[in-house]
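The structure appears right after this line, and notes come after that.
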DNA sequence: AGAGTCTTCCAAAGCGCTTTGGTCTTTGCA
DNA sequence: TGCAAAGACCAAAGCGCTTTGGAAGACTCT
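Residue numbers (this note's numbering), protein chains in the order written: chain A, 41 to 380; chain B, 41 to 380.
Dropping the structure here:
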């Protein structure tokens, strides 16, 4: 059942039927009712391929997915997707993942924009002076950045959490508890979130005349193994840190294992705070010693970004407004006063 | 730059240019070269929206993503996606995720097929007599099932791993080591993979005149917490199992925690084997006691399924061939002879 | 009554491709 | 030499929608 057939049975032109269905004003309400009714009765659904050829609108939002044999997709992605999908569903939006060579995403961005394959895109895991942000901005497609870039000479719309504030608070708490040597087990140091977290820690330490030592900040892919290795290296020093801030729950698993392997205890020998993106399958309160965390649901962020993308597509949102969400600091058993 | 312009500058008809570019035979090789050359020089790329309206081909594969506030996307999905994306990239395929109400995926499947939004779909986490498989099959869109359904009265193409065989081997090993009471901490019991794994364990036990007791199989969402709870319940019995087979590494984390909380040890008091889907961020060899596993890379499965989908789209593959991959049993420190 | 303004509808022209159904040369063969 | 077959190309008709540029009729106003 296509528009032609439908308009034929209604003895109306395609123009009128199309307008009736799309809510244009120049059609009699009585006629509109008739049309809508007939459309529903015959299960008419406009062919999206035809519509997108005519209008350029796709009803899809895009994400360029970096791939490659050596590239691992962040498990956080799933949670983000849950939120995004949840919102997208209720607004009849689909998400198209365009896999790209991790080292050449530009080609893919250009393609999906030139081909008008999606109405909007989002960018995740941005880095300082992120080229994708600059690119997408000049290409002129609606977009939202999940996270922030830095050092770009223009504004852009983003939704981020207050990573610096979160880690500042975490570090400040540790300092208040008497810790004088902290370490930071961070994610990939090229990403803005990691930079912000380090900045937060440094700022908190500086406020008390302290600092992060040379080897006291580790920037690594967020795996359990890297958490273990980093912790092990830190704790085997003669002058080991008495507190660690850690960028992910998964790395924290490794830290806990290292602590145990070394015959130490939490929080007796080491205080630990990690960032929690809120996974359903791994919860900080279930660590052998309940883990203190800075918490922010990445799922909520996904939903929010879908919402903003939808708003931008329909023209309800414009401009370069960035929003920064506060992060909760949740104290549990893994922090205590510094050992004497 | 569109076809019209390109053909105009070449002083050829759109027909010929289109045919030249699409490799049809009725065009002079010399002409074809000219056309291809000019297309490249001017960066001509056929508009996919126009092409899909004309041909119905989209260059996209689809996945219906169950969503909802209470629905969690499996973290395995990310790894699967890595493999899928890696293959898709090299074949210029995109993946469209159509979020659907977890309780009504049928509407979405019907929509994406009726609208010709994708060329093929895959289905994951199938259950016995899975309605999606039946639906997609009657709808007539190319598809592959990742995993297997059961009790369907027709054949369908799938790629699965030998879950039954894997858990049969695992259980057999444990029995050989003298274990007489086993337990199974399984995933969601409504899914086929979980059924197969249970079957595998039961078969191995039966071969030695043993059986799984009433409460010795737990079917739960695969979270750390559920692993902990299940293990705790099992191990607190007076007649506790001396070996556990576990369906996921994440649950195994919980099992290990329970064992420790109870003051027991692995493998002294409990032998443990878990299934490993091969995550980059959590490895069985890094468990405090290296974990024996049944191992099968879900990432490879993703790539394979993309490959088969592409083959089906282009007509290279047809029929209902199912393939079952063997699973490696990797012995590490977490298994030992049964305690006396 | 005539001019202007709405209201309501329509025919037809896109959107940019593929594909059908030719036409006009060349070539092959008896 | 004549005729069929093959080769190389084209015009035009889709694909199914949206949107432009009217047009016809009803209404208002002077």
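Yeah, the Cβ is synthetic: ideal placement off N, Cα and C, and Gly gets one too.
Just so we're clear, the structure is a prediction, and the values are computed from it rather than from any experiment.
{"Check": "What residue ranges within the segment 145–178 of chain B form continuous alpha helix (DSSP H) runs of no fewer than 4 residues, ordered along the chain?", "Outcome": "146–154"}
{"Check": "Rounded to the nearest angstrom, what separates residue 98 of chain A and residue 84 of chain A at their Cα positions?", "Outcome": "18 Å"}
{"Check": "Residue 381 of chain B: which of B:277, B:308, B:339, B:127 sits nearest, CA to CA?", "Outcome": "Nothing can be reported for residue 381 of chain B: it is not among the residues displayed for chain B, which extend from 41 to 380."}
{"Check": "Would you list the residues sitting across from residue 208 of chain B in a DSSP beta bridge?", "Outcome": "Beta-bridge pairing links residue 208 of chain B to no other residue."}
{"Check": "CB residue 376 of chain A to CB residue 328 of chain A, shorter than 8 Å?", "Outcome": "no"}
{"Check": "Provide the residue span of the beta strand (DSSP E) that contains residue 133 of chain A, from first to last.", "Outcome": "Neither: residue 133 of chain A is in no beta strand (DSSP E) and is coded neither H nor E."}
{"Check": "Unbroken alpha helix (DSSP H) runs of length 4 or more, entirely within the segment 214–278 of chain A: which are they?", "Outcome": "232–247, 264–275"}
{"Check": "Counting beta carbon pairs with one atom in the segment 139–155 of chain A and one in the segment 143–152 of chain B, are three or more of them shorter than 8 Å?", "Outcome": "no"}
{"Check": "Measure from the alpha carbon of residue 255 of chain A to the alpha carbon of each residue in A:203, A:240, A:210, A:284, then state which is nearest.", "Outcome": "A:284"}
{"Check": "Name the chain B residues that come within less than 8 Å of residue 262 of chain A, Cβ to Cβ?", "Outcome": "321"}
{"Check": "Hey, does residue 163 of chain B have any beta-carbon neighbour from chain A nearer than 8 Å?", "Outcome": "no"}
{"Check": "Could I get the ranges of all uninterrupted beta strand (DSSP E) runs contained in the segment 287–366 of chain A, with 3 residues as the minimum, in chain order?", "Outcome": "311–316, 332–335, 362–365"}
{"Check": "Between the C-alpha atoms of residue 186 of chain A and residue 366 of chain A, what's the straight-line distance to the nearest angstrom?", "Outcome": "15 Å"}
{"Check": "Check whether the segment 289–302 of chain B and the segment 313–330 of chain B are in contact - that is, three or more C-beta pairs closer than 8 Å.", "Outcome": "yes"}
{"Check": "Using three-state DSSP, classify residue 198 of chain B as helix, strand or coil.", "Outcome": "strand"}
{"Check": "Return the chain-ordered list of same chain residues with a C-beta closer than 6 Å to the C-beta of residue 321 of chain B, the five sequence neighbours on each side being excluded.", "Outcome": "none"}
{"Check": "Measuring CB to CB, does residue 67 of chain B end up less than 8 Å from residue 50 of chain B?", "Outcome": "no"}
{"Check": "Tell me where the alpha helix (DSSP H) around residue 50 of chain A begins and ends.", "Outcome": "First-last for residue 50 of chain A: undefined, no H or E at that position."}
{"Check": "Kindly provide the ranges of any alpha helix (DSSP H) runs that are 4 or more residues long and lie completely inside the segment 42–98 of chain B, ordered along the chain.", "Outcome": "43–49, 54–61, 69–81, 88–95"}
{"Check": "Cβ of residue 241 of chain A within 8 Å of Cβ of residue 217 of chain A?", "Outcome": "no"}
{"Check": "Of all Cβ atoms in chain B, is any one closer than 8 Å to the Cβ of residue 51 of chain A?", "Outcome": "no"}
{"Check": "For residue 359 of chain B and residue 198 of chain B, which I take to be in contact (beta-carbon distance under 8 Å), what is that distance rounded to the nearest angstrom?", "Outcome": "Wrong, their Cβ atoms sit about 12 Å apart, outside the cutoff."}
{"Check": "Using a cut-off of 8 Å between C-beta atoms, extract the partners of residue 205 of chain A located in chain B.", "Outcome": "Chain B residues near residue 205 of chain A: none, gap ~26 Å exceeds 8 Å."}
{"Check": "Taking C-beta pairs closer than 7 Å, name the residues in chain A that residue 93 of chain B reaches, listed in chain order.", "Outcome": "89, 90, 93"}
{"Check": "Got a sec: which bits of the segment 137–164 of chain B sit with their beta carbon under 9 Å from any beta carbon on chain A, in order along the chain?", "Outcome": "137, 138, 139, 140, 141, 148, 151, 152, 154, 155, 156, 157"}
{"Check": "How about residue 115 of chain B: is its C-beta nearer than 8 Å to some C-beta of chain A?", "Outcome": "yes"}
{"Check": "So that I know if they touch, is there some Cβ in chain A lying closer than 8 Å to that of residue 305 of chain B?", "Outcome": "no"}
{"Check": "Please list the partners that residue 122 of chain A has in chain B, where partner means a Cβ-to-Cβ separation under 8 Å.", "Outcome": "107, 111, 112, 113"}
{"Check": "Name the residues in the segment 236–268 of chain B whose C-beta lies less than 7 Å from a C-beta of chain A; which are they?", "Outcome": "262, 263, 264, 265, 268"}
{"Check": "Mind listing the chain B neighbours of residue 290 of chain A? Cutoff is C-beta to C-beta under 9 Å, in chain order.", "Outcome": "321, 322"}
{"Check": "Using a Cβ cut-off of 7 Å, pull out every chain B residue sitting near residue 280 of chain A, in sequence order please.", "Outcome": "By Cβ distance, chain B contributes nothing, its closest Cβ being about 20 Å from residue 280 of chain A, past 7 Å."}
{"Check": "Closest Cβ-Cβ distance between residue 298 of chain A and chain B: below 8 Å?", "Outcome": "no"}
{"Check": "Below 7 Å between beta carbons is the criterion; list the residues of the segment 323–357 of chain B that meet it against any residue of chain A, in chain order.", "Outcome": "323, 326, 328"}
{"Check": "For residue 118 of chain A, which of helix, strand or coil comes out of DSSP?", "Outcome": "helix"}
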